[in-house]
Each structure stands twice: as structure tokens, then as C-alpha cells.
Amino acid sequence: MTLDFKQKVIYQIYPKSFRDSDGDGIGDLRGIIEKIPYLNELGIDMIWLNPIFPSPQKDNGYDVSDYCKIDPLFGTMADFEELVAKLKSVNIDIMFDMVFNHTSTEHEWFQKALAGVPEYQDFYIRRPLKTDGSLPTNWESKFSGPVWAPFGDTGDYYLHLFDPSQADLNWRHEPVRKKLYDVVNFWLDKGVKGFRFDVINLIGKDKELRDALPGENDKLLYTDRPIVHDYLHEMNQASFGQHDGIITVGEMSSTTVDQGILYSQPDRQELSMVFSFHHLKVDYENGEKWTDMPYDFMALKQILHEWQKGMNDGNGWNALFWNNHDQPRALNRFGDTGRYREKSAKMLAASMHLLRGTPYIYQGEEIGMINPEFDSLEDYQDVESHNAYQQLRDDGLSEEKALQLLRAKSRDNGRTPMQWNGGKHAGFSNEKPWLRVGKSAESIHVEQSLKERDSVFYFYQKLIQLRKDYRVISHGSYEAYQLEHPEIMAYERTYESERLLVLNNYQDVEATITLPDDYLNDHTMWLIGNGTKRPLTKEMTLEPYETLALYLA
């Protein structure tokens, strides 16, 4: 049976932290090859690899210095080709992470532009200072500080929405686009079957760049500009759109439902689906990441509903996820890391996987990994975290309070080495890892998960198989059920004569919900759940962190 992207489940691998095969403390391609049997047992269909291109690693590979080579840190092109072939033998494909908004300043294109080579002068976004000597715009970098840095001794400044080592490409210059499309085609020829495009909705900067007005969000001046759709359609037609079965997903920073529909509507020929992040900001006080507040359950539910309903009605498609390399572990944010760790991990899994969209699992999520609980600033490697710590201290926070916020919000929470066993370095490496292993590694690891038939791992395995077996999960429509319920997130999926009612208790106490009469009969199947199987009643009381999916055909 040929599966389409709606039936598939994608597993994200952060290569630096997955498995180190050569003892340098850094994960690599041969380490992934070693773990193919594990990936195959889980049942996933595709792995998404974070960037493995040559890079100075200022931003963990999102500062690319060559798009068409493999960084020796991870192995060789021969290792990659072997990985493709061995994954293909068990029907698993590869998705590459393409960082096309910017390159490293060590990239050949930037260096040639800096050297004055005429062909490369327009590859990056450059502007002179204003007549009063101030920077070209007053925008703030996503990594703090201004977005402009001196372009050598030319007197011009170049745009970097992220770190100064990450120079934004000038997509308005056609030769830039042509070279990037060639990159996609290069990897298609190598057997890559999917592409995740990093912050791709930021590529369409206006010709004239202006200051943000007082009170205006500067991000709106470079996010989701209309020309992005033209570029994505052009890239589709010049590369992956000419091949069958290629899966594409755009990471969409601060986007909207309406834009998500446009990016992913099939007849527009842009992308297969989009990542949006609004549901992962419900523990940001006043929209600020580096704050400490419990997540807002009703806001979480409302955001997920708005995206589900909007994309359903507009024929767009969501990428479904809780975790990735840029996020703390979801269990620490929305679940319970103590008594109910496994139960809340299963509830979060089912509540996301049974929605309308394509699920993504981030390495370690399938065994219920949690944040590492680092003790000191030296334990953190992430450039954003170090910048944030300094800013928090400058703002008057104590050292301990600043560290507490890093423990809750740092991107390194999701980047710690995969916990394969309870031994030294969690079985990730024989040597000291590039990033410390989490404190939970002795008790939370793959070896233990595979021994217990009721583990989080096998729950994920079942969810993955259900998506292949039931069209109501992979292709069904979405409707909220009792959206205003204060403790339970419930929704219904429908496909032809099939119906699925999904109930998820997000609380550490029991919660009661009224079931529709249609489900109170002998034909209703208990499709999946993490609680005690019992007769269905009109007033159904869910256990703490219980999830339950009821199927009717």
C-alpha cells in the first residue's frame, strides 16, 4: 500500500544528540544507521534530520557554509548514501532541513560578496546607514540586539534577523533563488524525499525596508509578505514539485491560519503542510518567552481548535507536534514529570496524533523524556540561552532566577543526548557528550521502554499504526466537542461513515464529560486509551491525564 503524507508519521532526529558512533561526543550518521532497527520498530515513515551541512556551528548547524556537502562532524557523503539505502530497505525516507533564509557568513557566497566579486554583490540584503548615522532600520534581532552588522569596510551594513553570523539572503535577486533551487534538486538526486524549510515565511523582505513605528511589531514588516507565496510556488515548480511523493513543510514564524491555508492548499502548489507555534506560547507571560507562568489550558485548546478548524475548512494541512529542537520538553510544560509522567505522555501523544494533520515525533518524546535540569550556565551551549541569561541579569534578575528560566525555557532542554540506556552518558556515547545528559537518564531510557509492553514507546507505536489503518484519523474532518469544557480537550473526526470521538483530560484530577448519545451503544469501539477500560456512561468520568478515543463505523 502506498501511503500519502496524511497517513505518515515523521520522526525528528537532532543528529548531534541522537547517537555517537565514533567517540567524539557528537552524534553522527553512522550512529543513526546503527539505530535503524529501533526506528523501524517504532513504525515511523520518515526521519527529519536537522542540518548536517558544513557549518561553524554558531547556531548548531542553522548557519550553513555549504549546502551540498556533509559536515565531517557527522560523517561523509558515503555515510549519508548508506543511510538513505538502509532506511529505504525498511521503507523509511529522509527529510532534509533547508536553511534558506540565511547562510553563514563563512559561506562562499558571503565571502565572495565581501571580497567585491561582482556576481555576488546582490546575494545579501545590504543597506547604507541613514543620513543621521543610525542603522538602516530599528528592527531587533530574534537573538537580541540590532539586525544590522557592518559589511566589511564597505560602509554598508548587512541584514541578519538571527545571529550576526547568519546573513539573510536576498531572495529578490533571481540568481540567489536559482542557486537554492539547484540545492533542492541536488538532494532530490541523492534520494531525499522530504524538505523542511526553516523560517521560510521570512524570505520575502520588501524592496524598501522601513523602521517599525512606536508600538508597531517589527516582525510584521518582514513576515508573511505576499511575495513569499510567489517564491514558494516558483521553487515547487523548479524542484520538488516535479517529483511524486515528496513531502514539504514550512516552519512558519508568527504566521496566521489564513496564511497557513495559502501555504498548504494543494492546488496552490506551494508546500504540503506548515508548522505553526502559537500553541507553544501559552506559557509566555505577556507574550514574552523568558517568563515564568503556568500554561493557560483554555488558550492552548482555543489555539489548537482555531488552527484545526481553519485549516479543515480552508483545505490546508497542519504539521502536528509538541516537541522539537527549539522547545523545552512538552511533558514539563503540559504534563506531569512525576507520578503521572507516563500517563500524561500518552495523553499528550493521543491528543495530538488524533488531530487532523501529519504528526511529528521528536527524538525521546516516544519514551517520555523530560528537561535535563541543568545546574549552571556552563551546562548550556545554546547561543540564544546565553544571550537571554545576560539580558535577564541586566534586567535585574538574580543568578538563580535567570537559571530557573533557562531550566524552563532553554532550547537546550530539547537538545540533550538521546537516552538509550541507564549507563554512563545514557548509551549515547562512550565519551563526554557535547551537551550534558539529562538527570533522568538512569530511569527514563529506551532499554527500559522496550521491556515494558505498556510503556510510552508502545503507545506511540500503536498510534502510528492506527493512522495507517483508519482513514478517519488520516483523512477525516475535524470538529470541536464541548470546546468550553474547563478540564478536557475533546474533538470529533469524521470520514464518510466513520466517526472518532477523542477525549483528553489535561488535569491531575478526575474530570467528567457528557458523551453524545450516538456513542452509547454496543457498536462503539474503544480504539485506544491509557486508562481503565470500563462501560461507557452518559456522564463519563476520566481519570487524571486519561485519554480515550471512541470509534464508530
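For the sequence shown, the UniProt record's numbering assigns the number 1 to the initial residue and increments by one for each residue that follows. Quick reminder that beta carbons are idealized off the backbone N, C-alpha and C, glycines included. None of these values were measured; they are calculated from a predicted model.
Less than 7 Å between the C-beta atoms of residue i and residue j, yes or no?
i, j, result
"residue 312", "residue 478", "yes"
"residue 101", "residue 247", "no"
"residue 126", "residue 151", "yes"
"residue 328", "residue 409", "yes"
"residue 18", "residue 52", "no"
"residue 606", "residue 69", "Given a span of 1 to 553 for the chain in the structure shown, any question on residue 606 remains unanswerable."
"residue 104", "residue 63", "yes"
"residue 143", "residue 162", "yes"
"residue 25", "residue 433", "yes"
"residue 461", "residue 445", "no"
"residue 288", "residue 232", "no"
"residue 407", "residue 325", "no"
"residue 160", "residue 166", "yes"
"residue 35", "residue 27", "no"
"residue 509", "residue 544", "yes"
"residue 471", "residue 495", "yes"
Given that a residue counts as buried once 16 or more other Cβ atoms are within 10 Å of its Cβ, and exposed if not, what is residue i?
i, result
"residue 148", "buried"
"residue 266", "exposed"
"residue 540", "buried"
"residue 533", "exposed"
"residue 526", "exposed"
"residue 486", "exposed"
"residue 107", "buried"
"residue 259", "buried"
"residue 20", "buried"
Between which two residues does the alpha helix (DSSP H) containing residue i stretch?
i, result
"residue 387", "383–394"
"residue 36", "36–42"
"residue 314", "297–314"
"residue 5", "Note, residue 5: premise wrong, no alpha helix (DSSP H); not H, not E."
"residue 474", "471–474"
"residue 109", "108–114"
"residue 557", "Since the displayed the chain opens at 1 and closes at 553, residue 557 lies outside it and no answer follows."
"residue 85", "77–88"
"residue 237", "227–238"
"residue 399", "399–409"
"residue 208", "It is not in any alpha helix (DSSP H) - residue 208 carries neither H nor E in the DSSP assignment."
"residue 446", "446–451"
Going by DSSP in three states, residue i sits in which element: helix, strand or coil?
i, result
"residue 356", "coil"
"residue 197", "strand"
"residue 265", "coil"
"residue 176", "helix"
"residue 32", "helix"
"residue 488", "strand"
"residue 143", "coil"
"residue 249", "strand"
"residue 138", "coil"
"residue 278", "helix"
"residue 370", "coil"
"residue 17", "helix"
"residue 477", "strand"
"residue 458", "helix"
"residue 365", "helix"
"residue 536", "coil"
Relative to the alpha-carbon of residue i, which residue among the options has its alpha-carbon at the smallest distance?
i, options, result
"residue 356", "195, 363, 384 and 320", "320"
"residue 301", "551, 231, 504 and 61", "504"
"residue 210", "221, 189, 38 and 364", "221"
"residue 295", "256, 316, 336 and 378", "336"
"residue 351", "338, 330, 369 and 364", "330"
"residue 276", "218, 198 and 506", "198"
"residue 244", "193, 454 and 201", "193"
"residue 78", "50, 29, 122 and 46", "29"
"residue 538", "216, 529 and 520", "520"
"residue 343", "361, 366, 359 and 323", "366"
"residue 251", "475, 48, 431 and 373", "48"
"residue 475", "317, 175, 135 and 111", "317"
"residue 306", "33, 286 and 257", "257"
"residue 346", "394, 530 and 442", "530"
"residue 215", "171, 138 and 182", "138"
What residue range is occupied by the uninterrupted beta strand (DSSP E) comprising residue i?
i, result
"residue 148", "148–150"
"residue 330", "Unbroken run through residue 330 is the alpha helix (DSSP H), 330–334; no beta strand (DSSP E)."
"residue 483", "Taken as a continuous stretch (DSSP letters only), residue 483 belongs to no beta strand (DSSP E), as it is neither H nor E."
"residue 547", "547–552"
"residue 527", "525–529"
"residue 559", "The question about residue 559 has no answer, for the chain in this structure spans 1 to 553."
"residue 158", "156–159"
"residue 126", "126–128"
"residue 502", "498–505"
"residue 102", "102–104"
Would you check whether the ligand FAD has a heavy atom nearer than 6 Å to the C-beta of residue i?
i, result
"residue 544", "By its list of ligands, the structure shown contains no ligand whatsoever, and the ligand FAD lies outside what it can speak to."
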